Each structure stands twice: as structure tokens, then as C-alpha cells.
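There are 2 protein chains.
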Amino acid sequence: MRVGELSKRSGVAIATIKFYVREGLLPPGLRTKANQVDYSEAHLRRLRLVRALLDVGELSVATAKRIIAALDDPDESPLTSIGRAAYALARGFPAAVPPGADDNARVGALDLDTASVTRVNDLLDRYGWTVRPDNPARAQLASAIAAVQALDMGDALDLLDRYAQAAHSVAEVDVELALSPATLEESTERMLVWTVVGDRALSALRRLAQEAVIIKRM
Amino acid sequence: MRVGELSKRSGVAIATIKFYVREGLLPPGLRTKANQVDYSEAHLRRLRLVRALLDVGELSVATAKRIIAALDDPDESPLTSIGRAAYALARGFPAAVPPGADDNARVGALDLDTASVTRVNDLLDRYGWTVRPDNPARAQLASAIAAVQALDMGDALDLLDRYAQAAHSVAEVDVELALSPATLEESTERMLVWTVVGDRALSALRRLAQEAVIIKRM
């Protein structure tokens, strides 16, 4: 199809499609004549994936590029392939450095104290979760724990177990869903999209449920 | 205390503290002499809150400002006060428009079709959750649903109920935790921090559990 049709079917403006191609988020179309470029169904699908990552997942273009790259170079084993994509995702959380902040402040704030890291390890042991040492979600969890402790909300951490149980029940569903397609490529794509979109869905559901719980209590 | 001590105790560089004051994230210290400004324990606490919002919550400075403003102007009822802060949070998700994208593309992508909105309403009805019509989490959930449907992953939506159950179990803990302090101001601050930090913790736990589930299956 021509770029106009791709734009119409995806709801993405032509200028934006060209921007994605320039940025490497979308492979270029096939040039069939001097001034005609053809796009396939695969382009449409990829375009929808890019929009899900950018709009729903609210990832940066740079992170989306890393994820797309991991997708386009699938590994031989599901764990490695899915894991690599998931790790690219975790590393890609937008930098939180405000303009004017210096590097030291950032490093200081993200320095993970031993207590928080131990807390993460204890939790993994308690639930018997085997997780590779380089999984970036370890540091993500430790930084959340450190922040809660810095704010004298240490009692909040006792509730972490309820969080862990909820997360596990959700993760079982995630993996089941991801492993259902026939090909590894599709599995990885599903795991990725569902991880990104699922975070948004879970966060929205949590806010809705919070309000419902508060209203019920009044 | 002087700015140097505030910097030391918080682990935040002096230049960054001054940036926060300039941006209205931190109230200015009290000028006691011509060249001496004093900061209190309240400043230290606020500084830790700002870091939690920016570093752990990875919010933009603009969003953090809106949240701080909601905190500094508490309402009379817990629901209104906590709700206002939570809504400021939801509205503040960073814009997902890549440079080069035009407004039309954004509007098109975020346009919520009736089917997704109906799905959200059905879910709220099914669980008996009372949620105000202007709660921005409704649109957040609908956009996640629309994205999944656009990617032909409609079967993923059957799993939304497991997500809703997990979110509700977490929300009960959240509200319990938030309502435990004596003052409304503290309750609102707790709800806010824990909502932001809890999202990060939940997302990290989900990734850890996903890997554990995959490893177990292999």
C-alpha cells in the first residue's frame, strides 16, 4: 500500500510515519518506482506496536528503538529473547534528571543502600522466585524501597508482600498469554506489548479501585 | 540549617536544591541575615518527597509542581483532597508526542472508541466500584484496552479481570496505609507517594515474577 493508505489505516499522520522511518522505528517501505514506495501489512502491524510503546507505554523514542531492535534480532531461547526485550524496557525508563540537576545528585539519589538490596533478595527467597542477577527490575524495586524508607514510611514496606502476591498472580497470566502464539517472534512481541500496556492498565485499575475503596469507606 | 547541611542530609546537590526552589518545588528558606538562609526539617522532608516524585516516580518537573500545589492546598474532605492529588498525578503522565509528530496523529491515537469506554464501564459495574466520571484513570484504562485491540491481541482482554482483582487487593492496602496517619495533610502525602512509588514497585515485582514464572516453566 502507499503511505497515504498506511496513514489512513493506522490513524497516524504521514509526517509522523516518515519521522518513524527516519528514526529507525519503522523499516523503510519498498521503492517500486521512482516516486512510489510500498508498505506491507507488516508495516501496519509494526506501526501499531510503535504507537502502543510511545502513546500507551509513554516510552521515549530512544527506548522504543532499543526494544524494536531486540525484537528484530530474536534469540534462540524464549527466556533469552523475551528477557532481552524486557531488560531493554526496564533500562529505558525515562531519565529523571531535571534540567539543572547535576550528575552527583542523580547518582546520590539512586545509590542503592545495602538494606534495600537485601530486602529485595529476601523477598525473592521468600517466594522462591529465581531471577537473574542482572535483571534491572531488582534495582527498580530497591530504589522504590529506598524512597519509602527515606520518607519515614517504613511501615509501608510491610505491605510489600501483598504487592508481591498481586504481581505474581498477574505475571502468571502475562506469561501464559505471551507463550500462546506459535512463533517465538510473536511471543516476544506479545510479552513486550503486554508488559508495557499491562503496566498502564494495572496502574489505572489501581487508581480506580483506590477511589472505589475510599468512597465505600466514607 | 544552612543549605550545605540540607544538601548533606538529603544527598541532593546545592545547585539542585536551588533549582527546586526556583521551580517552586521547594519553598524558599528563611533569610535570617544578609547572606544566610535557613532551612527547616519541613524542607528536608519536602525535598525527599520531591526526589521520590522525580526519581522514583519519574514524573516531569511540571507534574511534580502540580502535585505539590495540590498538597499545599488540602481540601476539607479526605476524598476530595486525596482525589485531587491523584487526579493531578494521572493528568501529569508525560506527553507521548515524539518530536516531529503532529497534533492530529496524537489526537487520533488517543481517541477512545466507544467499545473501550464501554468495556471500562462494564468492568466497574461488574465489581461494583463507584468511581467519579472525571477520574482520569478511566481514560488511561480505555487507552490501554484500545491499544491491545489495535494489535489484534483482543484475547488479552479476557485477562483483565485477573488484573482488576490484583489491583483491588493492592488498593485496599494502599488506602489502609494512607488513612492511618492522624492528619489529612499527612494522609494525602502518603497516598500520593505510595501511589507513585507503589506503581514502580508493582511494575518491578511484576517483571521479577514474570522471569521467575518463565524460568520455572523451562
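Chains A and B supply the protein sequences, listed in that same order.
Residues 1 to 218 (full-length UniProt numbering) make up the first sequence, in order.
Residues 1 to 218 (full-length UniProt numbering) make up the second sequence, in order.
Idealized CB from N, CA, C, for every residue including glycine.
Predicted model, so just to flag it, every value in this text is computed and none were measured.
Give me, in chain order, the residues of the same chain whose beta-carbon lies closer than 8 Å to that of residue i; leave out the 5 immediate sequence neighbours on both sides.
| i | result |
| --- | --- |
| leucine 26/A | Ile17, Tyr20, His43, Arg46, Leu47, Val50 |
| serine 196/A | Going by the sequence as given, residue 196/A is valine instead of serine. Answer for valine 196/A: Ala52, Leu53, Val56, Gly57, Leu59, Leu89, listed in chain order. |
| glutamate 23/B | Val61, Lys65 |
| valine 148/A | Gly154, Ala156, Leu157 |
| aspartate 134/A | Tyr87 |
| valine 120/A | Arg138, Leu141, Ala142, Ile145 |
| arginine 9/B | Met1, Leu44 |
Skipping 5 residues on each side, what residues in its chain have a beta carbon closer than 7 Å to that of residue i?
| i | result |
| --- | --- |
| alanine 204/A | none |
| leucine 177/B | Arg190, Trp194 |
| arginine 206/B | none |
| leucine 202/B | Val170 |
Output needed for residue i: all residues of its chain with C-beta closer than 6 Å, excluding positions within five of it in sequence on either side, in chain order.
| i | result |
| --- | --- |
| serine 116/B | Ala142, Ile145, Ala146 |
| arginine 200/A | Val56 |
| glycine 29/A | Val37, Asp38, Tyr39 |
| isoleucine 14/A | Val3, Ser7 |
| glutamate 5/B | none |
| glycine 108/B | Annotation note: pLDDT 38 at glycine 108/B (below 50); position unreliable, no value reported. |
| arginine 31/A | Val37 |
Hey, out of the options, whose CA is closest to residue i's CA?
| i | options | result |
| --- | --- | --- |
| arginine 2/A | Glu41/A, Gly24/A, Trp129/A | Glu41/A |
| leucine 151/B | Met153/A, Glu189/A, Leu160/A | Glu189/A |
| leucine 124/B | Val175/B, Leu160/B, Gly24/B | Leu160/B |
| valine 173/A | Ile14/B, Glu211/B, Arg22/B | Glu211/B |
| methionine 218/B | Arg162/A, Val175/A, Pro28/A, Val61/A | Val175/A |
| threonine 118/A | Leu179/A, Arg138/A, Asp134/A | Arg138/A |
| tyrosine 127/B | Leu71/B, Ala209/B, Tyr163/B, Val213/B | Tyr163/B |
| alanine 69/A | Leu192/A, Asp122/A, Ser10/A, Val170/A | Leu192/A |
| valine 213/B | Leu184/A, Gly4/A, Ser169/A, Ser10/A | Ser169/A |
| leucine 208/B | Gln140/A, Leu184/A, Asp113/A, Ser180/A | Gln140/A |
| tryptophan 129/B | Asp113/B, Ala167/B, Lys33/B | Ala167/B |
| aspartate 184/B | Asp72/B, Gln165/B, Asn121/B | Per the sequence shown, residue 184/B should be read as leucine rather than aspartate. Ranking the options by Cα distance to leucine 184/B, first place goes to Asp72/B. |
| lysine 216/A | Ala171/B, Lys216/B, Gly198/B, Ser187/B | Ala171/B |
| glycine 11/A | Asp113/B, Arg9/B, Thr63/B | Asp113/B |
DSSP three-state call for residue i: helix, strand or coil?
| i | result |
| --- | --- |
| threonine 130/A | coil |
| valine 117/A | helix |
| arginine 217/B | helix |
| valine 37/A | strand |
| threonine 183/B | coil |
| leucine 208/A | helix |
| arginine 2/B | coil |
| leucine 30/B | strand |
| glutamate 189/A | helix |
| alanine 52/A | helix |
| valine 12/B | coil |
| serine 7/A | helix |
| glutamate 58/B | coil |
| leucine 47/B | helix |
| leucine 123/A | helix |
| glycine 198/A | helix |
| leucine 177/B | helix |
| leucine 25/A | coil |
| aspartate 103/B | Here the model assigns aspartate 103/B a pLDDT of 39, short of 50, so the residue's position is not dependable, and the following value carries that caveat. Note: aspartate 103/B maps to helix in three-state DSSP. |
Checking contacts by CB at 7 Å: is residue i closer than that to chain A?
| i | result |
| --- | --- |
| leucine 202/B | yes |
| serine 116/B | no |
| serine 187/B | no |
| glutamine 140/B | yes |
| asparagine 135/B | yes |
| histidine 168/B | yes |
| leucine 177/B | yes |
| proline 94/B | Model confidence at proline 94/B stands at a pLDDT of 35, short of 50, so the residue's coordinates are unreliable; what they give is reported in the following sentence. Yes, its Cβ sits closer than 7 Å to a Cβ of chain A. |
| arginine 31/B | no |
| alanine 62/B | no |
| arginine 46/B | no |
| leucine 157/B | no |
| alanine 34/B | no |
When the cut-off is 7 Å and only beta carbons count, does residue i lie next to chain B?
| i | result |
| --- | --- |
| glutamate 172/A | yes |
| isoleucine 68/A | no |
| valine 131/A | yes |
| serine 143/A | yes |
| alanine 147/A | yes |
| aspartate 199/A | yes |
| isoleucine 14/A | no |
| tyrosine 163/A | yes |
| leucine 6/A | no |
| alanine 52/A | yes |
| alanine 42/A | no |
| alanine 212/A | yes |
| arginine 206/A | yes |
The ligand ADP heavy atoms versus the CB of residue i: any closer than 6 Å?
| i | result |
| --- | --- |
| serine 7/A | With respect to the ligand ADP, the structure offers nothing, as it holds no ligand at all. |
>> Suppose only complete runs of 4+ residues qualify. What are the alpha helix (DSSP H) ranges in the region 132–171 of chain B, listed by chain order?
In response: Runs found: 137–150.
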